[in-house]
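Peer 1: One structure coming up, written as structure tokens, with questions to follow.
4 protein chains.
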Amino acid sequence: MTTPRKLQVGVAGLGRMGKRHALNFHQNVPRASLVAVSSPDAAERQWAAENLAPHGVAVYASYDDMLAHDGLEAVCVASATSVHAEQAIKAIGKGKHVLCEKPLGTTVEISQTVVDAASKRPDLKVMCGFSRRFDASYRDAHAKMQQGLIGRPAVLRSQTCDVLDPSGFFVAYAQFSGGIFVDCSIHDIDLALWFFDEEKSKVRSVHAVGITAVEPDLQKHNDRDNAVGTVEFYDGRIAYLYASRMMAAGQEDSTEIIGTEGKLTVNILPAENHVRIYQPGGIRQELPQTYWDRFKAAFTTEAIEFTESVLEDKPVPIKLTSAVSAVKIGAALQESMVSGSKIWFDKDGNRTERAQL
Amino acid sequence: MTTPRKLQVGVAGLGRMGKRHALNFHQNVPRASLVAVSSPDAAERQWAAENLAPHGVAVYASYDDMLAHDGLEAVCVASATSVHAEQAIKAIGKGKHVLCEKPLGTTVEISQTVVDAASKRPDLKVMCGFSRRFDASYRDAHAKMQQGLIGRPAVLRSQTCDVLDPSGFFVAYAQFSGGIFVDCSIHDIDLALWFFDEEKSKVRSVHAVGITAVEPDLQKHNDRDNAVGTVEFYDGRIAYLYASRMMAAGQEDSTEIIGTEGKLTVNILPAENHVRIYQPGGIRQELPQTYWDRFKAAFTTEAIEFTESVLEDKPVPIKLTSAVSAVKIGAALQESMVSGSKIWFDKDGNRTERAQL
Amino acid sequence: MTTPRKLQVGVAGLGRMGKRHALNFHQNVPRASLVAVSSPDAAERQWAAENLAPHGVAVYASYDDMLAHDGLEAVCVASATSVHAEQAIKAIGKGKHVLCEKPLGTTVEISQTVVDAASKRPDLKVMCGFSRRFDASYRDAHAKMQQGLIGRPAVLRSQTCDVLDPSGFFVAYAQFSGGIFVDCSIHDIDLALWFFDEEKSKVRSVHAVGITAVEPDLQKHNDRDNAVGTVEFYDGRIAYLYASRMMAAGQEDSTEIIGTEGKLTVNILPAENHVRIYQPGGIRQELPQTYWDRFKAAFTTEAIEFTESVLEDKPVPIKLTSAVSAVKIGAALQESMVSGSKIWFDKDGNRTERAQL
Amino acid sequence: MTTPRKLQVGVAGLGRMGKRHALNFHQNVPRASLVAVSSPDAAERQWAAENLAPHGVAVYASYDDMLAHDGLEAVCVASATSVHAEQAIKAIGKGKHVLCEKPLGTTVEISQTVVDAASKRPDLKVMCGFSRRFDASYRDAHAKMQQGLIGRPAVLRSQTCDVLDPSGFFVAYAQFSGGIFVDCSIHDIDLALWFFDEEKSKVRSVHAVGITAVEPDLQKHNDRDNAVGTVEFYDGRIAYLYASRMMAAGQEDSTEIIGTEGKLTVNILPAENHVRIYQPGGIRQELPQTYWDRFKAAFTTEAIEFTESVLEDKPVPIKLTSAVSAVKIGAALQESMVSGSKIWFDKDGNRTERAQL
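Residue numbers (our numbering), protein chains in the order written: chain A, 1 to 357; chain B, 1 to 357; chain C, 1 to 357; chain D, 1 to 357.
What follows is the structure, encoded as structure tokens:
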């Protein structure tokens, strides 16, 4: 009788998301072993020395060194967006399976390089982690849609709205994030591709507007703190999106999928838990404050299913090309927001000067 | 072509509820004309002199004088509970139709005197106003129950909970109210009689406990500020009730009707209106602050339907004997709360020493 | 002592909305008397002969004849949109006060003719009835915004979504309605003007897309059954709108006002009443099925306040010019939806070829 | 560098709850290793042979044999209620730490034997698993209460309501469960002890009524399918409880804690997840169907914290004596329900004939 083997996983990057991914693989994924982490940042490595090293996790300053860790089989890329693609490609080059945080890159071109690298190694599992696809509520909604509960889905409204952070964090972050549509709305775009079936729904036009209501300095990075985008599809569907960095009450990620015979909503009235507080002034429900608070269980499911796809050699749950499609739409929305111009595509996905039928 | 005649109505009592009933008949009942009001209180009459007299309403200090008002056809008794029965009986004696605020009296005996008086004048419409029976939500729930949506109703939970009033009002009020079960829970008891069908459901036992969490002075009037009662019926049903004068957030009158195949709730999560307020700390909904705020539309429907029953000589919507049954149960609960003893009834409604099968 | 005089009101048009306005003035407005109605349609007049004439209401086939009714002081124009302006102007010409159903007309030019006519008779009260401004929840939200609860409002999301009607009604209706943005979204646009303060917020651009998901025949009238519009304002605000004729569950008119320090929502999770139904499959809440079901109390308030503004010679609650601004935006959105082009305005409200700073 | 040691755990019983506990310790508790399980039932062992043995878990037919498993440190007793106490005491006798499913036994006497055994081995961690104390929402509510958000808690309403199961399962189960108050309401009683502070709140009286609305055969085991109980405390507090086996929509475990300055509710309107379904008929939310569905995360927290208390030699999160207090109240309620009599206690917890002040 032998204990089944566990996937040997390394996590690249130990910033906010990196720490979470590391702990997630360490504590919540029974079939994986976190064996190594890497970060160029000394403070982050210190954190790992205190929290992970005692459990047998090797801590590297160099990503390349971590890739050379003996027995390493898979890498979770959770570093800054600007190095996602480079690190993913290196890992593929070394024959490692890759779970890469979204987005693959801030442009279509960069994102595509990961797809190209992966296509040369069909033996490896390479996935971009769109966490909402692993959330129990989104999955339930998707299953209900597929069962026909709402007829044909025609309109999708979705928003990714962060709690107001007056520290100025978002201004610094905007330099590298790709902008609010690539950083936030990418999730909503991915949902549209998932619910509308990206094989059939081709984008016809995108249009966006944005404002800086609380962070005027975002303008210098061509970014905004509130933005509304519209995506029109050739098969008669619309997705419309709202992203914000200005929510007073907490994280508000809500979605409606409106079909010809019904509608499904996810998180239309957010709540942190099952508690309601009755005081003078009314009844109050608290909200999750961060994306992680809302989706931490989804990140666990994501890691478990990625691990399983490697160990059992099954297809990864999300096709890698989907991540490129999402960036393409997000980047076009960002451009439309900045330029003020509507952007058109033909049915092959090429940009055109004017409307096509 | 003639304008159809309107019912000539007088309102007795111009306290909190009296003012509301007067304005209600004046403004919201197209087929009624408020022609007279009465109050022994000079300040209340002053209010009427300013607000009603300019619209042609006669203001009387004496109830008897109002009864003699030329053309008066019907009286709405909205005075202190202690004179409800006396005034109702006088009006019946003068051949007036009567809409009497609940309860008819604080004891079964007093309440019964009104029924006896009414039974001698079958030509008159006499009704005790249990306002919830006119509320759109309770009516919807009752209709759905009758359609069979929840199978056989077996358990009813209902509460009448007033907003905390630190002014001491409830202590003074307790002298004459009959106690929290007769004053508040009477509504919930009436709902049990309505939903369980009082012709079939006979009370087997009642039991109650109560505390004074915020108003210890209520003890001197044998009253409490929070009380829980249980009513057991011979046909295998239970009603359990909660009454309170201590709600921080506002008026909370909620009901559940639990059947063998489903459940209906009314107002399980109260809200003043459709607004939600998102601020740091969460999402908040305000509550109605008073019974009137919650049920004002029901009082209008009540007045409209009472008026219609008179003008068209139709049965009143609620049988008068029902009001006696409700007081009987409420008074027994109050007694049980004070004595600590469970109270038993036989199937004919007589009190017994011990449990009957 | 005399009974105060009542405003003598006539209602033009007895279609779906006309009947409701007539009954509303007849039953729910204490200071008004419905004295006359008119309709060119024999069936509608028959309804009035049965339901209103017995109460002393004169029934006319000709609008002009109704205007000549002895003692008539005010007209509620509730006829087809295509004759709103003409009838309103005629009434003004005869010295009658006017409450006109929205919109004044389907184009800016037509709408402006009413404003021009009214401006020559400053003694008359002329108002376009945007019912949501009289809804208790919207008023509560507006008051809370003005108290500063949400800081500066920056983004408004609002939708007017009708229940799916498979009868084909909406196709026939589209010939005269002005299109989905003029017919439905006009309410949401009016809310944006109200919450953002139209004196300060000038439109910079509008953009819209639409589809026919259930009623392809709408295309022939240049209309759609689902449409999304974006309105950008010069002072850094955005309104984004959704209109639909395809809601499975009922009428869904929801609004969010998102400010720099908080958010207010109105009707984010619609419910018909306070009842919840628990059955296998879950907990269910029913929805209002029509605009009237949701807003009937607002229509009553509207009629009461219009009546009061006449009787007491006070300003009407909504400035008439506001109705022209709303049509201007609605018509531009409709045009953008059909043409596919974004439409720009300069700060004086004139259309321009390209973006202005 | 060494991997920290893991607690070696065995699970006794592989029925419905036993399987869940076994998988829970196996998959979700990073610091524990499931090393053994036992069941006298061949089918259950077969399940373990397929699902646990391949991961290195030893499967025993005999509980005693499992106790002798080499290296075993702790036992989770998840067998039938009737053997809880016996198995717990045996494990203590062998020097094993014990996490015992609730209740310790169906009577006070039996429950006390476990406490007595544990008191002789203060070096061992022995805990009765009241799962709600580990639920994030209940913990949040308790923390808010302790922060003073609701003043002094005075009334607690709590219910444990299972989904209707027409298979007859509950009749068979009633033979050994101790009855609905010991089996279901024990959780609500434990909450009362937790929120009211059992050191200070001593029971003064209990009273209960019950019916068999859907399962008349429960009568032969002195049980009911719907029951309402009231618990009165000497320090002026009330807990009132509802237990049912008849919920149509799903598991409904809700609690209100009502204080002198506010109220907290947990799960007042249950929902399975964040999805809402809009269809003709309204908006619907699905419910968890079982206790496990609702509380599975709490069971994981319970196992993690029990493990931690052993490994770090910290007090267990719930005092063992609390489990005896809860059974005492539950058994008295069950007796009151069957006999019809109210039961009184003096301040030392002894039963008395009549009310004590």
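Think of the CB as a built atom: it goes at the ideal place given N, C-alpha and C, for glycine as much as any other residue. It should be emphasised that the depicted structure is a prediction, and the values quoted were computed from it without experimental measurement.
Under 9 Å Cβ-Cβ, which residues of chain A neighbour residue 149/D?
Peer 2: Those are 277, 279, listed as they occur along chain A.
Peer 1: For residue 343/A and residue 85/C, I'd like the C-alpha separation in whole angstroms.
Peer 2: Cα to Cα, the separation comes out at about 39 Å.
Peer 1: Check whether chain D comes within 9 Å of residue 283/C, counting only Cβ atoms and requiring the distance to be less than that.
Peer 2: With 9 Å as the cut-off, residue 283/C counts as an interface residue toward chain D.
Peer 1: Tell me the rounded alpha-carbon separation between residue 66/C and residue 22/C.
Peer 2: Going by the C-alpha atoms only, they are around 14 Å apart.
Peer 1: Mark residue 315/D as exposed unless 16 or more other C-beta atoms lie within 10 angstroms of its C-beta, in which case mark it buried.
Peer 2: By the 10 Å Cβ count, residue 315/D comes out exposed.
Peer 1: Between the C-alpha atoms of residue 307/D and residue 144/B, what's the straight-line distance to the nearest angstrom?
Peer 2: Straight-line Cα distance between these residues: approximately 50 Å.
Peer 1: Determine, for residue 141/A, whether the minimum Cβ-Cβ distance to residues of chain D falls below 9 Å.
Peer 2: Yes, its Cβ sits closer than 9 Å to a Cβ of chain D.
Peer 1: Beta carbons nearer than 9 Å to chain A: which residues of the region 284-300 of chain C have them?
Peer 2: Listed by position along the chain: nothing, the set is empty.
Peer 1: Sort 341/C, 73/C, 172/C by Cα distance to residue 356/A and report the nearest one.
Peer 2: Ranking 341/C, 73/C, 172/C by Cα distance to residue 356/A puts 341/C first.
Peer 1: Taking only the alpha-carbon atoms, compute the straight-line gap between residue 34/D and residue 183/D and give it to the nearest angstrom.
Peer 2: For residue 34/D and residue 183/D, the distance between alpha carbons rounds to 27 Å.
Peer 1: Do residue 114/B and residue 99/B have their C-beta atoms within less than 9 Å of each other?
Peer 2: No, they are not a contact pair.
Peer 1: Taking DSSP as the reference, what is the three-state secondary structure of residue 272/D?
Peer 2: In the structure shown, residue 272/D sits in coil (DSSP, three-state: anything other than H, G, I, E or B).
Peer 1: Less than 7 Å between C-beta atoms, sequence neighbours within five positions excluded: which residues of the same chain meet that for residue 338/A?
Peer 2: Answer for residue 338/A: 222, listed in chain order.
Peer 1: At 7 Å on the CB atoms, spell out the chain B contacts of residue 274/C, in chain order.
Peer 2: What residue 274/C touches in chain B: 137, 266, 267.
Peer 1: In three-state DSSP terms, what is residue 2/A?
Peer 2: The pLDDT assigned to residue 2/A is 47, lower than 50, so where the model puts this residue is not dependable; a value taken from the coordinates is nonetheless given after this. In this structure, residue 2/A counts as coil in the three-state DSSP scheme.
Peer 1: By Cβ distance, which residues of its chain are closer than 6 Å to residue 266/D, with the 5 residues on each side in sequence left out?
Peer 2: Here the set comprises 137, 138, 141, 255.
Peer 1: Hey, could you find the ends of the beta strand (DSSP E) residue 333/C is sitting in?
Peer 2: First-last for residue 333/C: 320-339, but that is the alpha helix (DSSP H), not the beta strand (DSSP E).
Peer 1: Where does residue 233/D sit, in a helix, a strand or coil, going by DSSP?
Peer 2: The answer is strand: DSSP assigns residue 233/D an E or B state.
Peer 1: With a cut-off of 8 Å, do at least 3 Cβ pairs link the region 228-241 of chain A to the region 193-204 of chain A?
Peer 2: The answer is yes - the region 193-204 of chain A touches the region 228-241 of chain A, with three or more Cβ pairs under 8 Å.
Peer 1: Residue ranges of each alpha helix (DSSP H) run of no fewer than 4 residues wholly in the region 18-66 of chain C, ordered along the chain?
Peer 2: Whole alpha helix (DSSP H) segments, 4+ residues: 42-51.
Peer 1: For the region 70-148 of chain A, list the beta strand (DSSP E) runs that are entirely contained and at least 3 residues long, ordered along the chain.
Peer 2: For the region 70-148 of chain A, whole beta strand (DSSP E) runs of length 3 or above, ordered along the chain, are 74-77, 97-101, 126-129.
Peer 1: The beta strand (DSSP E) that contains residue 355/C, what's its start and end?
Peer 2: Careful: residue 355/C lies outside any beta strand (DSSP E) and carries neither H nor E.
Peer 1: Counting only C-beta atoms, is residue 340/A closer than 9 Å to chain C at any point?
Peer 2: It does; some Cβ of chain C falls within 9 Å.
Peer 1: Following the continuous beta strand (DSSP E) through residue 156/B, name the residue where it begins and the one where it ends.
Peer 2: 153-163 is the span of the beta strand (DSSP E), which, as asked, contains residue 156/B.
Peer 1: Using the beta-carbon count (16 or more within 10 Å), is residue 24/B buried or exposed?
Peer 2: Buried: at least 16 other Cβ atoms inside 10 Å.
Peer 1: Helix, strand or coil for residue 305/B, going by three-state DSSP, please let me know.
Peer 2: It is helical.
Peer 1: Roughly how many angstroms separate the alpha carbons of residue 352/A and residue 240/C, rounded to a whole number?
Peer 2: One C-alpha to the other measures close to 26 Å.
Peer 1: Leaving out five residues before and five after residue 258/C in sequence, what residues of the same chain have Cβ atoms less than 8 Å from its Cβ?
Peer 2: Excluding residues within five positions, the ones whose Cβ falls inside 8 Å are 150, 153, 154, 155, 156, 157.
Peer 1: Measuring straight from C-alpha to C-alpha, what distance separates residue 9/C and residue 70/C?
Peer 2: Roughly 11 Å separates the two Cα atoms.
Peer 1: So is residue 226/C buried or exposed if we call it buried at 16+ other beta carbons inside 10 Å?
Peer 2: Counting Cβ neighbours within 10 Å, residue 226/C comes out buried, since at least 16 surround it.
Peer 1: Should residue 243/C be flagged as near chain D, meaning a C-beta pair shorter than 9 Å?
Peer 2: No, residue 243/C does not count as interfacial toward chain D.
Peer 1: May I ask you to report which of helix, strand or coil DSSP gives residue 360/C?
Peer 2: Because chain C here runs from 1 to 357, residue 360/C falls outside it and cannot be looked at.
Peer 1: Count the other CB atoms within 10 Å of the CB of residue 93/C; is the residue buried (16 or more) or exposed (fewer)?
Peer 2: Answer is exposed; the Cβ neighbour count stays below 16.
Peer 1: Exposed or buried, what is residue 15/B when buried is set at 16 or more other beta-carbons lying within 10 Å of its beta-carbon?
Peer 2: Residue 15/B should be labelled exposed.
Peer 1: Less than 9 Å between the C-beta atoms of residue 318/B and residue 128/B, yes or no?
Peer 2: Yes, the pair counts as a contact, with Cβ atoms nearer than the cut-off.
Peer 1: Determine which residues of the region 24-51 of chain A have a Cβ less than 7 Å from any Cβ of chain D, and write them out in chain order.
Peer 2: From the region 24-51 of chain A, only 27, 30 have a Cβ closer than 7 Å to chain D.
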